[in-house]
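Sequence lines, in order, name chains A and B. Residue numbering for the first sequence follows my numbering, beginning at 614 and increasing consecutively. Residue numbering for the second sequence follows my numbering, beginning at 4 and increasing consecutively.
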Amino acid sequence: MESNLITEDKQKNKLEKAFEILKTMASKPSGLIGLTIVLFHIVLALISPYIAPYDYKAISPNTMLLAPSAEHWFGTDSLGRDVFTRTILGGRTALTVTFFGSLIALLWGGLLGIFCGLVGGKIDDVVMRVVDAFLSIPWILAMLLIVSLLGTSTEVLIPALGFFYGKGIVRVARAATHDVIAKDFIVSARARGHSNMSIIWNEIIPNVRDAILVEGAMRWSWMLLGFSSLSFLGFGVSPPTPDWGLMISNARGLMSFAYWSVIAPIVGLSSLIIGINLTADAFAKALGIDRSTKAPV
Amino acid sequence: MSEIIESVKNLSIGFNSQQGKQISILRNVSTNIKKGETVGIVGESGSGKSTLALAMMGYIKQGLFPLKGECLFKSKDLLKMSSRQLEKIRGRKIAMIPQNAGQALTPNLKIGYQIDEALRLHTDLNKTERDKKISELLNKVRLPSPETMAFRYPHELSGGQQQRVAVAMALAGKPDLLLLDEPTTGLDVTTQAHVLELLRFIAKDTGTSMIYVSHDLGAIAQVSDRIVVMYAGEIVLEGPARKILKEPIHPYTYGLLKSIPKLSLAGLPASMPGTQPQPGSINEGCSFYDRCNLATDHCKKNSPDLEHIKELDTNVRCFNHKELINQNNNLQTSITKKSNNSEAIEVLKLKDVSISYAKQKFFDQLLNKISDQNPTVKDINIDIKKGETIALVGESGSGKSTILKSIAGLLKTKDGQIKFENDRILSSDLKMRNPNDLRAIQLIFQNPDESLNPNHTVEQILSQPLKLYFNLSGEELKKNIIDLLKKVRLGEFYMSRYPRQLSGGEKQRVAVARAFAAKPDIILCDEVTSALDVSVQAAVLNLLQQLKEDLGTTYVFVSHDLAVVRAISDRVAVLYQGRLCEIGPSQNVYKFPSHPYTEVLLGAVLEPDPDIKPKLVAEDIVEEKPPEKGCSFQGRCPRKIGDICNLELPPWQIDENGNAIRCHINIDELASLQQ
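Below, the structure written as C-alpha cells:
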C-alpha cells in the first residue's frame with residue numbers, strides 16, 4: 614500500500630512504458646530466459662533462409678539417415694535431407710500462422726467477450742451458450758473437417774485456428790469485463806448517457822486490455838502446439854515445406870535407430886512453447902495482474 | 004501506578020523504495036500500555052496507526068521491516084521472536100478483532116465450531132467444559148439466544164452480530180491485551196454504538212487492556228482512557244482521553260477536532276489546509292509544518308521532540324503548544340452557510356415512487372400477476388426545490404441509494420413518477436431520456452477510487468462530459484478543463500496525472516469537477532465523504548457548499564452520517580426500510596419532536612466528546628424485509644403503542660415548523676415523551 618505512494622510523477626510516453634515493462638520482465642530469471650528464447654526463435658525465423666547450410670528439399674539417396682557429424686550437425690533424415698537446415702527453417706510457418714491466428718483470436722474473442730460482459734441479459738446468455746457448445750466439440754475434429762473441405766493453405770489455417778482458440782478468450786474477456794463494470798466509473802458513464810460503443814472503447818478496453826493480452830500470449834503457445842499437431846496428422850503444412858510437426862511425424866517411425874531426426878524438431882517446438890509461456894507469465898507479473906502471489910501470512 | 008504490559012520503545016518501521024532508499028513509515032514511536040487500560044490510536048489513513056498496532060502483536064506486513072527499536076510484551080521483544088514463540092502469545096495473550104468480521108469468519112463453519120477451535124487451541128478445557136464456555140462467551144457478547152447461535156453459520160448473522168462473534172473468539176483465550184483495528188467502521192450507526200458499549204463493558208468486566216485503532220475520534224472518545232494521536236508516522240499527542248478531546252494542545256489534533264461536524268452545530272466544520280506528507284518526503288523540521296497555522300521559521304528547520312506537560316499529563320510534539328492552551332475554548336465553532344437561497348420553484352418531484360428489486364417470475368408474467376406487493380422502496384413523495392440541499396438519511400438498507408439511482412435513471416421505478424422542471428415526467432429508463440435531461444442530473448459517488456477510470460488521466464476524465472454534452476475540442480476543451488480544475492481548487496498541472504497519483508481528497512475533487520463539467524441543475528451525492536478522512540471531508544463539504552452558492556446547483560445528498568448531513572443540508576428526509584419516516588427543515592429534524600427512528604439514530608451518533616454518551620433506545624436488530632402492513636419501524640420501535648402500529652399505516656403529522664412525521668403517536672405527545 615505504502616509503496617504505491619512513492620510512484621514517480623513523471624509522465625512517460627507509450628514507448629517508454631513498453632520498455633519499462635520489458636525491463637521489469639527481464640529482471641527475473643524466468644522472464645529473462647523466456648524473452649531470450651522467444652527472441653532467439655524470432656531472429657532465427659527471420660534469418661534462417663540466409664544461413665541454412667543446405668537446400669531443405671534436396672533429396673539424396675547417398676546421405677540417407679546419417680548420424681550427426683561435422684557436415685550434417687543434426688544428421689540427415691530418411692530422404693537424405695539435412696535435419697539442421699530443416700529444423701531452423703521449421704519454425705517459420707508455425708510462427709507466422711500462429712502469430713496471426715492469435716491476433717484474430719484476440720480480436721474476435723476479446724471484443725465479443727467485452728460486449729457480452731457489458732450488455733449481459735439475454736444476448737449474453739445466448740452467445741455464451743453457443744460458445745459453450747463449441748467448447749464441447751473436440752476442436753481437432755472440427756479443424757480436420759474444415760481443412761479437408763477448404764484445404765491446408767495458410768489463408769484457411771489462420772482464421773480457423775483463430776476461431777477455435779478465440780473461444781476461450783471470450784470467457785476471459787467477459788470475466789475481466791464483469792470485474793470492471795461493477796465499478797462506479799462505468800455507472801457514471803452510463804448515467805451520463807454514453808453509448809455502449811463509447812463505454813467499451815473509453816472505459817472498458819483500457820482496463821481489460823492487460824488481462825486479455827496475457828491470455829492471448831498463453832493462447833499463442835497452445836496454438837503452436839495445436840498447429841504442430843495438425844501438421845503431425847498431415848493436415849497442416851504440406852511437404853516438402855519444413856515444419857516441426859511434419860518432421861516429427863515423418864521421423865517417428867525411425868526413432869529407434871535414427872533418434873536425431875526426431876529430437877531436433879521436438880527441441881525446437883518445445884523450447885518455443887516454453888519460451889512463450891515463461892514470457893507470458895513474466896508479462897502478467899510485470900503488469901501486476903498475476904494472482905499467484907502468496908497470502909501475506 | 005499499575006503494571007505496564009506492553010511497551011514500545013523507539014520503534015521505527017520502514018521499507019525499501021524502488022530507488023533503493025530506506026523510507027520509514029513509523030518514526031521513533033514510544034508508548035506504554037498499562038494493565039486494564041484502553042488506549043485509542045487515532046490518525047488519518049497513512050498515519051501509521053495500523054502498522055503500529057500490528058507491530059504490537061509482533062506482526063509486520065510483507066515488504067516492511069523494523070529499522071530500530073523494540074516492542075516489549077511483558078518485557079520480551081515480540082519483534083525478535085520466532086513464529087513458534089509468537090504462536091504461543093497470539094490468541095492467548097494478545098488477541099485481535101478485525102475490521103470486517105464477516106470476512107474474518109470462515110463461511111462454511113458454524114459459529115460454535117469456530118469458537119471451539121479457538122478454545123481448543125488456547126485452553127486445556129475438555130469437551131463439556133468447552134461447550135459450557137462457548138455459551139458463556141456468546142452470552143457475554145450479548146448475542147440473542149446463545150443456545151441456537153452456536154449452530155448458525157456466519158452468513159446468517161448481521162454485521163453487528165458477526166462482530167460480536169469475533170469479540171467472543173478473541174476473548175476465548177482470555178487475552179491480556181485486545182487489539183481492535185477499526186472494529187466498528189463498517190457498521191451502521193446504531194450497531195456501532197451497541198458494539199462500542201459492549202467493548203467498554205468487556206474492558207471493565209474482564210480487566211483486559213485494549214488498543215483501539217480508528218480514524219473516528221467519535222468512536223475513540225467513547226472507549227478510550229488514553230488517546231495517542233498519530234501523524235505522518237509519529238506520535239504527535241498522547242494523554243488522557245478527556246484532556247486530548249477537550250484541550251488538544253497540538254495544532255493537528257485541534258484542527259482535526261474542529262473539522263469534525265457536530266450535531267449541535269448547524270454550519271460547516273472548518274477544514275484544515277493541505278494533506279499529510281507522504282512517507283519519505285519529510286527531510287527536516289516538523290512534519291506538520293505545511294499545514295500548521297502556528298508554524299514559525301524555527302519549526303521549518305527543527306523537528307520537535309515529544310515534550311511532557313505535567314499539569315495536563317500529556318506528551319506533545321510541538322514547539323508552540325502554549326499558544327493553543329489559550330485558544331481552546333473555541334473548539335465548538337463552525338462556518339455559517341449562506342442563508343438558504345432556494346427559490347420556491349420545484350425542480351424535481353418524486354411522486355409515489357416505488358422501486359422493487361424483485362424480478363417478475365416467468366409464471367407470474369404469463370398470468371399477468373403483479374408479483375411484488377412489498378417493494379424495497381415504497382410511496383416516496385419528495386418535492387425538491389431549486390437551489391436547496393436535501394439529504395436522505397438512513398442506515399444501510401434504508402433505500403436511500405436506491406432512490407438516488409432511480410432519479411439518475413439507473414434503476415427503473417415500479418410505480419410513481421419522477422418529474423423534472425415544470426412537471427415534465429422523466430422516463431425511468433435511461434435510454435428514453437433526452438441528452439439534456441441526462442446532462443441536468445449528475446452523480447458523485449462514494450468512492451473516488453472506483454468512480455474514476457484508473458487508466459485515464461484527469462484530463463481524459465474531465466473531457467468525457469465536455470465532449471459528450473458540449474462537443475468541445477482542442478483549445479476550448481483544454482480551457483474548460485482548466486477552469487473546472489480551478490473551480491475545485493486544483494492546479495493546471497493535475498491534468499496529466501492519473502488517479503493513482505492523487506490523494507483521496509484530490510480524487511474526490513476531480514469527481515466533483517466531472518459532475519460540474521456538465522453544468523448540471525441537480526447533483527446527486529452518494530455518500531461522497533464517507534470514504535475520506537475527516538479533515539479532507541470538511542474540505543470537500545466546504546467545496547460543495549461554495550460551488551452551490553456560486554452556481555445555484557441543487558443537491559440531493561445521501562449519507563448515513565447524521566452530523567455530516569446536519570452540516571450541509573437545508574432539508575432532511577429520514578428513511579427506514581425504504582419508507583419515509585420524517586421530512587423537514589434540517590434544524591427541526593434535529594430537534595424534538597422526532598419520529599422514533601430519528602430519535603434512535605440521533606441517540607446513537609458518536610461525538611468526539613467523552614461527556615456525550617450515546618443513548619441506546621432500540622435494539623440493533625437488522626430486519627431483512629420491510630413489514631407488509633403498518634408502520635415500517637414497528638419491529639424496532641422503542642415507543643410502539645400496540646397493534647395499531649402493526650396493522651395501520653401511520654398518518655403524516657406536520658408541526659408548526661413544517662416538519663412532517665409519520666407516526667401514530669400524536670405529535671405533541673411525542674414532544675413531551677422525548678423531552
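Glycine is no exception: its CB is placed at the ideal position from the N, C-alpha and C atoms.
Under 9 Å between the Cβ atoms of B/Ile383 and B/Ile406?
Walking along the second sequence from the start, residue 383 of chain B turns up at place 380. Walking along the second sequence from the start, residue 406 of chain B turns up at place 403. Against a cut-off of 9 Å, the Cβ pair of B/Ile406 and B/Ile383 comes out as a contact.
Taking the continuous alpha helix (DSSP H) assigned at B/Pro596, which residues delimit it?
The sequence position of residue 596 of chain B within the second sequence is 593, counting from 1. Counting along the chain, B/Pro596 falls outside any alpha helix (DSSP H), and DSSP gives it neither H nor E.
Does any residue of chain B bring its CB to less than 9 Å from the CB of A/Arg832?
Stepping through the first sequence from its first residue, residue 832 of chain A is reached at position 219. So no, A/Arg832 is outside the interface.
Contact criterion: CB-CB distance below 9 Å. Does B/Ile406 meet it with respect to chain A?
Numbered from its first residue, the second sequence carries residue 406 of chain B at position 403. Chain A, which has no Cβ nearer than 9 Å to the Cβ of B/Ile406, makes this no.
Does the CB of B/Gln449 have a neighbour CB from chain A at under 9 Å?
In the second sequence, counting from the first residue as 1, residue 449 of chain B sits at position 446. For B/Gln449, the answer is yes, since a Cβ of chain A falls inside 9 Å of its Cβ.
Say whether the stretch 476–486 of chain B touches the stretch 532–545 of chain B, bearing in mind that this needs 3 or more beta-carbon pairs closer than 8 Å, one atom from each stretch.
Result no; under three Cβ-Cβ pairs closer than 8 Å.
I want to see whether chain A comes within less than 9 Å of B/Ser454, judged by CB atoms only; does it?
Here residue 454 of chain B refers to the residue found at position 451 of the second sequence. Yes, B/Ser454 lies at the interface with chain A (some Cβ there is under 9 Å from its Cβ).
The alpha helix (DSSP H) spanning B/Asn437 covers which residue range?
For the purposes of this step, residue 437 of chain B is taken as residue 434 along the second sequence, with counting starting at 1. Taken as a continuous stretch (DSSP letters only), B/Asn437 belongs to no alpha helix (DSSP H), as it is neither H nor E.
Between A/Val783 and A/Gly726, how many whole angstroms is the CB-CB distance? I'm expecting something under 8 Å.
Start at 1 with the first residue of the first sequence, and residue 783 of chain A comes out as number 170. Start at 1 with the first residue of the first sequence, and residue 726 of chain A comes out as number 113. 4 Å between Cβ atoms; contact.
Could you check which residue in B/Val350, B/Phe76, B/Lys113 has the C-alpha nearest to that of B/Ile7?
Stepping through the second sequence from its first residue, residue 7 of chain B is reached at position 4. Residue B/Phe76 is the option with its Cα nearest to B/Ile7.
State buried or exposed for A/Asn626, treating a residue as buried only when at least 16 other CB atoms are found within 10 Å of its CB.
For this step, residue 626 of chain A is matched to residue 13 along the first sequence. Exposed, since its Cβ has fewer than 16 Cβ neighbours within 10 Å.
Between the stretch 680–702 of chain A and chain B, which residues of the former have a C-beta closer than 9 Å to a C-beta of the latter?
Hits within the stretch: zero.
Output, in chain order, the set of chain E residues within a Cβ distance shorter than 8 Å of B/Gly412.
The structure shown contains no chain E; the protein chains it does contain are A and B.
Tell me the DSSP secondary structure of B/Cys666 in three-state form.
What you label residue 666 of chain B is simply residue 663 of the second sequence in a count that begins at 1. Correct three-state label for B/Cys666: coil.
Along chain A, in chain order, which residues have C-beta atoms closer than 7 Å to that of B/Pro438?
Here residue 438 of chain B refers to the residue found at position 435 when the second sequence is read from its first residue. Those are Gly806, listed as they occur along chain A.
With 8 Å as the limit, tell me which residues of the stretch 525–545 of chain B have their beta carbon closer than that to any beta carbon of chain A; keep them in chain order.
Result list empty, no residue passes.
Exposed or buried, what is B/Gly23 when buried is set at 16 or more other beta-carbons lying within 10 Å of its beta-carbon?
Sequence index remark: in the second sequence, residue 23 of chain B carries index 20 (1-based). Looking at its Cβ environment, which holds fewer than 16 other Cβ atoms inside 10 Å, B/Gly23 is exposed.
Counting contacts by CB-CB distance shorter than 9 Å, is B/Leu547 in contact with chain A?
To locate residue 547 of chain B, count along the second sequence from 1; it is residue 544. Chain A, which has no Cβ nearer than 9 Å to the Cβ of B/Leu547, makes this no.
Do we get a CB-CB distance below 9 Å when we pair B/Ala521 with the residues of chain A?
Counting from 1 along the second sequence, the entry for residue 521 of chain B is found at position 518. Chain A, which has a Cβ nearer than 9 Å to the Cβ of B/Ala521, makes this yes.
What does DSSP give as the partner residue(s) for B/Glu73 in the beta ladder?
Indexing the second sequence from 1 puts residue 73 of chain B at position 70. According to DSSP, which records beta bridges pairwise, B/Glu73 is partnered with B/Lys12.
For A/Leu757, which of A/Ala658, A/Pro642, A/Ser842, A/Val710 has the nearest alpha-carbon?
As a first step, residue 757 of chain A is located in the first sequence; it is residue number 144 there, counting from the start. Closest by alpha carbon: A/Ser842.
Determine, using beta carbons only, whether B/Pro468 comes closer than 9 Å to chain A.
By one-based count along the second sequence, residue 468 of chain B stands at place 465. Yes, B/Pro468 counts as interfacial toward chain A.
Let's see if you can read the secondary structure: which residues bound the beta strand (DSSP E) around B/Met233?
For the purposes of this step, residue 233 of chain B is identified with residue 230 of the second sequence, where counting begins at 1. Note, B/Met233: beta strand (DSSP E), 229–234.
Taking the alpha helix (DSSP H) that B/Lys489 belongs to, which residues open and close that run?
One-based indexing of the second sequence puts residue 489 of chain B at position 486. Taken as a continuous stretch (DSSP letters only), the alpha helix (DSSP H) holding B/Lys489 covers 477–490.
Please classify B/Ala298: does DSSP put it in a helix, a strand, or coil?
Taking the second sequence and counting its residues from 1, one reaches residue 298 of chain B at position 295. If DSSP states are grouped into helix, strand and coil, B/Ala298 belongs with coil.
For A/Leu657, which option in A/Leu838, A/Gly703, A/Ile889 has the closest C-alpha, if you only look at C-alpha atoms?
Position 44 of the first sequence, counted from the first residue, corresponds to residue 657 of chain A. Answer by Cα proximity: A/Gly703.
With DSSP as the reference, label A/Ile672 as helix, strand or coil.
For the purposes of this step, residue 672 of chain A is taken as the residue at position 59 of the first sequence. Looking at A/Ile672 - three-state DSSP - the assignment turns out to be coil, as it is neither helix nor strand.
Start and end of the beta strand (DSSP E) containing B/Leu493?
Taking the second sequence and counting its residues from 1, one reaches residue 493 of chain B at position 490. No beta strand (DSSP E) holds B/Leu493; DSSP gives it neither H nor E.
Can you find the residues in the same chain that come closer than 8 Å, C-beta to C-beta, to B/Arg647, ignoring five residues on each side of it along the sequence?
What you label residue 647 of chain B is simply residue 644 of the second sequence in a count that begins at 1. According to the sequence provided, residue 647 of chain B is Ile. The question's Arg does not apply to it. Excluding sequence neighbours, B/Ile647 sits near Gly633, His667.
Looking at the secondary structure, which residues open and close the beta strand (DSSP E) in which B/Gly419 lies?
Position 416 of the second sequence, counting from 1, holds the residue named residue 419 of chain B. Its beta strand (DSSP E) spans residues 418–423.
Kindly indicate if chain A contains any beta-carbon less than 9 Å away from that of B/Ile444.
As a position in the second sequence, residue 444 of chain B is number 441, starting the count at 1. Chain A, which has a Cβ nearer than 9 Å to the Cβ of B/Ile444, makes this yes.
Does B/His158 pass the burial test, meaning 16 or more other C-beta atoms within 10 Å, or should it be called exposed?
Your numbering for residue 158 of chain B matches position 155 in the second sequence. Per the 10 Å Cβ criterion, exposed.
Please confirm if B/His459 has its CB atom under 9 Å from at least one CB of chain A.
Residue mapping note: residue 459 of chain B aligns to position 456 of the second sequence, counting from 1. Yes, because at least one Cβ of chain A sits closer than 9 Å to the Cβ of B/His459.
With H, G and I counted as helix, E and B as strand and the rest as coil, what does DSSP make of B/Ile205?
Along the second sequence, read from residue 1 onward, the residue named residue 205 of chain B stands at position 202. B/Ile205 falls in the helix class under three-state DSSP.
Among residues of its own chain, excluding the 5 on either side of B/Gly210, which ones have a beta-carbon nearer than 6 Å to its beta-carbon?
For the purposes of this step, residue 210 of chain B is identified with residue 207 of the second sequence, where counting begins at 1. The residues are Gly39.
What's the call for A/Ile738, buried or exposed, on a 16-neighbour Cβ count within 10 Å?
On the first sequence, position 125 is the one that residue 738 of chain A refers to. The amino acid occupying residue 738 of chain A in the given sequence is Asp; Ile does not appear at that position. The residue in question, A/Asp738, is exposed, as its Cβ has fewer than 16 Cβ neighbours within 10 Å.
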